[in-house]
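Chemist: Below are the structure tokens for one structure; questions will follow.
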Amino acid sequence: MPTRTAPPDPTAGGLTTETARQRLEVSGPNALPEAPPTPVLRRVLRQLGDPMILLLLGAFVVVVVTGDLADATIIAVVVVLNTAIGVVQEVRAESAIEALGRMSAPRATVVRDGVVRTVVAAELVADDLVVLDAGAVVPADLVVTEAAALMVDEAAMTGESVPVSRDVDEELLAGTVVTGGRARGRVVRTGAESGLGQIAALVAGTVTGPTPLQQRLSRLSRTLVGVTTVLCLVAFVSSVARGEAVVASLILAVSLGVAAIPESLPAVVSVALALGAHRMAQRSAVVRWLPAVETLGSVDVLASDKTGTLTEGRMEVSRWWTPKGPHDVGAPGLVDADRRLLRDVVLCNDARLGADGTVVGEAMEGALLTAAAHHDVERAELETLWPRTQERPFDATTRSMTTWHAGPDGAAVEVTKGAPEVVLELVVPDAVARAAHAAAQALAEAGFRVIAVAEGDVLVGLVAVADPPRAAAAEVVAACRAAGIRMVLITGDHPATARAIAEQVGIVGPGSEVVDGDAVARGEHVDRVDQIDVYARTRPEQKVAILDAWREHGAVVAMTGDGVNDAPALRRADIGVAMGGRGTEVARQAADLVLADDDLRTLVAAVAEGRRVYRNIRTFLRYALAGGLAEVLVILVAPLVGMGVPLTPAMILWINMLTHGVPGVAFGGEPLDPADMEHPSPRPARRVLDRTLTRQVAVAGLLITAVSFVAGWLGPDRGVPTSTAVFVALGFGQLSIAMAVRAPRHGVGWRGRGLEAAVVVAGLLQVAAVLVPPLRDLVGAEPVELRGLALVVLVGVLPGVVLVAGRALRGVVARLV
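Residue 364 is where the sequence shown starts when you use the numbering used here, and the numbers rise one by one after that.
Here it is in structure tokens:
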């Protein structure tokens, strides 16, 4: 039998500090490849590429050519404001994730100048001698030069959930974790050349598609630009036909175009997304890509892994079985068979417990030590009484580990622990073995990972180990269901374990179907993916196939993950969510959202922010398009009813700057309406300007148009010229709509009253435009009498009053019915 390997001398060999410095200058840092920073000019051009902004820029050129500098100034202010907000928020979002990456910068233990020291992993170079102990993260691709019972968890790279043994001359990949034993390794590849770096580069080079919000707004922009172009042509032709000068008609047409489009929509979207990202960051959810904030609101399927997400990510012993019967870990009254089992799982074990109870080594073995310590079976005492003389480390092929020990008075014991189907083949096939087979099967079906322990050919017992569900897992699943989100479990674990966890947290009921990864690979169940909630034994490419099947069914899918093997699925999902605490760097780079606290409850809060963003953008559109519709109708209809053209181009631009500017942007910070959490935001295929929103825009726009004409007819008899009366009523009509469609206020503090403050400021500026001579000259208004002005203002706010009263009446009727 192999003898126990003596600890290597870690101070032997290694590079000198000077040699390492020189090589670092040549090879560069041992860091994952990063995308080059986006130049400011490119960011600006991306913001200016929005169709509505392009239309404004066209209007700007026209008014400059015609010499209308006042209108040109107003348009320029709008464009500059929108662009600046978008660029600033992009930079802030990227800075947030960079800060997170700096917080998690890894370190490595290395031999330099014959001395073991700790350095930043980025400083490693080829031929560095790295020292690895249990719990260490492999900092670069290494070739093992010395090893003792080395076990490595390669799940982050391969998805393999069981640690594998590695020996001299074998490679260790960067990002994997040493779970047991000791080793030294020589660095052979660093940074982008390492296996980890190549995967990161592949993921970084993947092109992602547009988000649901981008799809909707792109369609809306094309529609609005097309309609606006037609309206401008109609206005221009009509004006020329009435005998107006060509230049004046052109300016009028341009002004109508400005009135028809919600030019502050890009700014509103940027502010809504930025505020959502800021609120998420306060809840430990860091957004890597700003549009992902709104995408969360559209999610209706959440594909979650198990370990560390729905479960604690730690192993613990729940019960065990001996020939004397079952025993719960916390129950008193141990018999000799129980103590014998606990002794053996401590002896055949390479993990260590720290003074504070933390595990150094493989999690499964740590769980065994913890359970034994709970019953006062201590490793230190046993190692004195039963010193290890030989060992055969755990092997993934044999799925077992064996140790030999010299006992008191010359006694000796051979202990083997491993998978039940392996260990039970080694023992005498008697009644005890048959009972153990049945017990192991029952424990596996209950969701436990079962370990069998034997002394030679005598079965000692079975230990049931589990990764317990997080305390809040069931709460998260229930919250997702209440929010209209279907939760799907995708794991590499055994089907029985996957089903048990899914049942415990409420994803499925007892006896539900579980599909394994091989069936997915064969293309089975793809056409009925919406009937399956649990997938087991899945490999990375199978996770991608499952997500693709859901997306082909029209679902908006979020995917959670933490390993390198999760990166393709995180990238393929509509929104990838990485665990920031225990997750790998590649997973964080592939994701759109990073949960710094590894808590899925944070994801539920982030979903709420996404729906809040979508609702606020939609509410702004209702408000802004209604105002634009009213302005267009006033310009086109007024000449037909004998009012001529009541609005000057400057008046139109002034109203748009006031109503679409500060109040419009304030919509981005509106509080969440609890009703929004009952259903996901619409899927990407649904137009943002749907029938409901179109009807709401039409009603509000017609109300504003009506009060504008009423004010134009009543104004002259009360000292307010028609043009000025229409101008004032049109502005206040839009502001009253803003107050009517705002989100419900339930205990919102003064910081949540930004919209009300913006409306008040805009209202004061609208009044100032007809009372302050310089402003009055700028917009082309005429002097007014104060009593007449007050009447026009009261008429102007009627649209908002009518909408609020109508909503209250519908509520009363609904309660009565």
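We put the beta carbon where it would ideally sit given N, CA and C, even for glycine. Keep in mind the model is a prediction, meaning the values are calculated, not measured.
Ends of the beta strand (DSSP E) at S1086?
Modeler: For the purposes of this step, residue 1086 is taken as the residue at position 723 of the sequence shown. Premise fails: S1086 lies in the alpha helix (DSSP H), T1085 to V1104, not in any beta strand (DSSP E).
Chemist: Pull up the DSSP beta-bridge partners for Y898, would you.
Modeler: Within the sequence shown, the letter at position 535 stands for residue 898. Looking at the DSSP assignment, Y898 forms a beta bridge with I853 and V878.
Chemist: Look up V813 in the DSSP assignment and give the residues it is bridged to.
Modeler: Here residue 813 is taken as the residue at index 450 of the sequence shown, counted from 1. Paired residues: A827.
Chemist: Run through DSSP, which three-state label would V1176 get?
Modeler: On the sequence shown, position 813 is the one that residue 1176 refers to. Helix.
Chemist: How is H916 classed by DSSP in three states: helix, strand or coil?
Modeler: Against the sequence shown, residue 916 aligns to sequence position 553. Here H916 sits in coil by DSSP.
Chemist: Can you tell me whether P832 is helix, strand or coil according to DSSP?
Modeler: Counted from its first residue, the sequence shown places residue 832 at position 469. Reduced to three states, the DSSP call for P832 is strand.
Chemist: With a cut-off of 8 angstroms on the beta carbons, I'd call R985 and A1063 a contact; round off their distance for me.
Modeler: One-based indexing of the sequence shown puts residue 985 at position 622. One-based indexing of the sequence shown puts residue 1063 at position 700. With a Cβ gap of about 7 angstroms, R985 and A1063 count as contacting.
Chemist: In terms of residues, what are the limits of the alpha helix (DSSP H) holding V1004?
Modeler: In the sequence shown, the residue the question calls residue 1004 occupies position 641. Neither: V1004 is in no alpha helix (DSSP H) and is coded neither H nor E.
Chemist: Sorry if obvious, but does the Cβ on V443 come closer than 7 angstroms to a heavy atom of the ligand MG?
Modeler: Within the structure as shown, the ligand MG is missing, as the structure has no ligands at all.
Chemist: Between the alpha carbons of M1040 and P858, how many angstroms are there, rounded?
Modeler: As a working note, residue 1040 is residue 677 in the sequence shown. As a working note, residue 858 is residue 495 in the sequence shown. If I take the Cα positions, the gap works out to 32 angstroms.
Chemist: In this structure, how does DSSP classify R1170 when only helix, strand and coil are distinguished?
Modeler: Numbered from its first residue, the sequence shown carries residue 1170 at position 807. Looking at R1170 - three-state DSSP - the assignment turns out to be helix.
Chemist: Quick check on the DSSP output: the beta strand (DSSP E) that includes A1132 runs from which residue to which?
Modeler: Start at 1 with the first residue of the sequence shown, and residue 1132 comes out as number 769. Counting along the chain, A1132 falls outside any beta strand (DSSP E), though it belongs to the alpha helix (DSSP H) covering G1117 to L1134.
Chemist: Measuring only the C-alpha atoms, how far is E381 from E556?
Modeler: By 1-based counting over the sequence shown, the position of residue 381 is 18. By 1-based counting over the sequence shown, the position of residue 556 is 193. Cα to Cα, E381 sits roughly 23 angstroms from E556.
Chemist: Which runs of the beta strand (DSSP E) spanning at least 3 residues fall entirely within the stretch 483 to 567, listed in chain order?
Modeler: As far as the stretch 483 to 567 is concerned, its whole beta strand (DSSP E) runs of at least 3 residues are 492 to 496, 504 to 516 and 540 to 552.
Chemist: Does DSSP put G847 in a helix, in a strand, or in coil?
Modeler: Counting from one through the sequence shown, the residue named residue 847 turns up at place 484. Reduced to three states, the DSSP call for G847 is coil.
Chemist: So, at 8 angstroms on beta carbons, what are the nonlocal neighbours of R582 in its own chain, with the 5 sequence-adjacent residues on each side left out?
Modeler: Residue mapping note: residue 582 aligns to position 219 of the sequence shown, counting from 1. Excluding positions up to five away in sequence, the list reads R1050 and V1051.
Chemist: Count the CB pairs spanning the stretch 953 to 960 and the stretch 922 to 939 that are closer than 8 angstroms, and state whether there are at least three.
Modeler: Because the criterion of three Cβ pairs below 8 angstroms is met, the stretch 953 to 960 and the stretch 922 to 939 touch.
Chemist: Decide if G770 is buried, meaning its Cβ has at least 16 other Cβ atoms within 10 Å, or exposed.
Modeler: By 1-based counting over the sequence shown, the position of residue 770 is 407. Answer is exposed; the Cβ neighbour count stays below 16.
Chemist: Across the stretch 812 to 822 and the stretch 780 to 798, are there enough close Cβ pairs to call them in contact, namely three or more that are closer than 8 angstroms?
Modeler: With a cut-off of 8 angstroms, the stretch 780 to 798 and the stretch 812 to 822 count as touching, because enough Cβ pairs lie within range.
Chemist: Relative to the C-alpha of I624, which residue among A993, L638, D881 and V1167 is closest?
Modeler: Taking the sequence shown and counting its residues from 1, one reaches residue 624 at position 261. With distances taken between Cα atoms, I624 lies closest to A993.
Chemist: R981 to S661, Cα distance in whole Å?
Modeler: Taking the first residue of the sequence shown as 1, we reach residue 981 at position 618. Taking the first residue of the sequence shown as 1, we reach residue 661 at position 298. Rounded to whole angstroms, R981 to S661 spans 13 angstroms at the Cα level.
Chemist: Check for me: the alpha helix (DSSP H) holding D470 runs from which residue to which?
Modeler: By one-based count along the sequence shown, residue 470 stands at place 107. A small correction: the amino acid at residue 470 is Arg; Asp does not occupy that position in the sequence shown. Run containing R470: none in the alpha helix (DSSP H); it sits in the beta strand (DSSP E), R470 to R475.
Chemist: Below 8 angstroms between beta carbons: does that hold for L619 and I998?
Modeler: One-based indexing of the sequence shown puts residue 619 at position 256. One-based indexing of the sequence shown puts residue 998 at position 635. Yes, Cβ-Cβ distance for L619 and I998 is below 8 angstroms.
Chemist: Is E744 helix, strand or coil by DSSP?
Modeler: Residue mapping note: residue 744 aligns to position 381 of the sequence shown, counting from 1. Helix at E744.
Chemist: Out of Q905, A1121, A815 and R715, point me to the one whose CA is closest to G886's CA.
Modeler: For this step, residue 886 is matched to residue 523 along the sequence shown. If we check each option's Cα against that of G886, Q905 comes out closest.
Chemist: Using only alpha-carbon positions, find the residue among G1075, S681 and R974 that is nearest to G1005.
Modeler: The residue labelled residue 1005 in the question sits at position 642 within the sequence shown. When only C-alpha atoms are compared, the closest one is G1075.
Chemist: Would you list the one or two residues that DSSP bridges to H690?
Modeler: One-based indexing of the sequence shown puts residue 690 at position 327. Bridge partners of H690: W683.
Chemist: For T380, which of helix, strand or coil comes out of DSSP?
Modeler: The residue you call residue 380 lines up with position 17 of the sequence shown. Helix at T380.
Chemist: Under a three-way DSSP split, which group does T765 fall into?
Modeler: Residue numbering aside, residue 765 sits at position 402 when the sequence shown is read from its first letter. Strand.
Chemist: Check whether the Cβ atoms of V680 and A730 lie closer than 8 angstroms to each other.
Modeler: One-based indexing of the sequence shown puts residue 680 at position 317. One-based indexing of the sequence shown puts residue 730 at position 367. Going by C-beta atoms, V680 is nearer than 8 angstroms to A730.
Chemist: So for M678, helix, strand or coil by DSSP?
Modeler: Here residue 678 corresponds to residue number 315 of the sequence shown, with the count starting at 1. In this structure, M678 counts as coil in the three-state DSSP scheme.
Chemist: Given this structure, state the Cα-to-Cα distance separating A803 from W684, to the nearest angstrom.
Modeler: Taking the sequence shown and counting its residues from 1, one reaches residue 803 at position 440. Taking the sequence shown and counting its residues from 1, one reaches residue 684 at position 321. Cα to Cα, the separation comes out at about 9 angstroms.
Chemist: By Cβ distance below 7 angstroms, which residues in the same chain neighbour G727 in space, the five residues on each side in sequence not counted?
Modeler: Here residue 727 refers to the residue found at position 364 of the sequence shown. The residue asked about is misnamed: residue 727 is Met in this sequence, not Gly. Once the five neighbours on either side are set aside, the close Cβ partners of M727 are M678 and V828.
Chemist: Run through DSSP, which three-state label would S647 get?
Modeler: Your numbering for residue 647 matches position 284 in the sequence shown. Coil.
Chemist: Return yes when the Cβ of G810 is within less than 8 angstroms of the Cβ of A863, no when it is not.
Modeler: Numbered from 1 along the sequence shown, position 500 holds the residue referred to as residue 863. Numbered from 1 along the sequence shown, position 447 holds the residue referred to as residue 810. In contact: A863 and G810 (Cβ atoms closer than 8 angstroms).
Chemist: When you compare the CB positions of L559 and L594, do they come within less than 8 angstroms of one another, or not?
Modeler: If you number the sequence shown from 1, residue 559 lands on position 196. If you number the sequence shown from 1, residue 594 lands on position 231. Not closer than 8 angstroms, so no.
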